[in-house]
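Position one of the sequence shown corresponds to residue 135 (my numbering), numbered consecutively onward. Scroll down for the structure; my scribbles are underneath it.
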Amino acid sequence: MGTKLAFRTPVGSVAIPAGQSKQLGVVDVSPFSSIRVVADERVGSGTGVNIRLTITEGNELVAQLDVLTLTPHTQVTKVYEVPGAKLTIFADALGGSGSDGVDVLIYGA
């Protein structure tokens, strides 16, 4: 099986007001043995953002797989062995003013 795009935020980024959190989505990772997460914060964002990758079973948020810390105009790419069946993705914008634009893509292989 080749690499497949399993999840992405809407084209053009997701805006998150400073100091607020937003659930970006839930992704089924069960078909894959590994995933690559690519996250970026757009130029001109007001504050930093933490991207939380949460292992999910059914509707229960079980445990944090990782927290990716971003500042304006930065990107993080990480590879994980698949930790379970589903991941729920959250973005937490740090306090301050303005809003933050983020993109998250998950590729499975």
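All C-beta atoms, glycine included, are put in the ideal place defined by N, C-alpha and C. This one's a predicted model, so the numbers in the text were calculated from it and none came from an experiment.
**Same chain, Cβ closer than 8 Å to E191, neighbours up to 5 away in sequence not counted** = Excluding sequence neighbours, E191 sits near G218, A219 and K220.
**Prompt:** Between P217 and chain C, is there a C-beta pair that is closer than 8 Å?
**Reply:** Within the model displayed, chain C is absent; a lone protein chain is all it includes.
**Item:** Boundaries (first-last residue) of the beta strand (DSSP E) holding G242
**Value:** Boundaries of the beta strand (DSSP E) around G242: S233 to G242.
**Asked** Excluding the five sequence neighbours on either side, which residues of its own chain have a C-beta within less than 7 Å of the C-beta of I189, listed in chain order?
**Response** Non-local beta-carbon contacts of I189 in its own chain, meaning distances under 7 Å to residues more than five positions away in sequence, involve V196, A197, L199, P217, G218 and L221 in chain order.
**For R142, the three-state DSSP class (helix, strand or coil)** = The answer is strand: DSSP assigns R142 an E or B state.
**Asked** Is it buried or exposed for T181, if we count other Cβ within 10 angstroms and need 16 for buried?
**Response** Buried is the call here.
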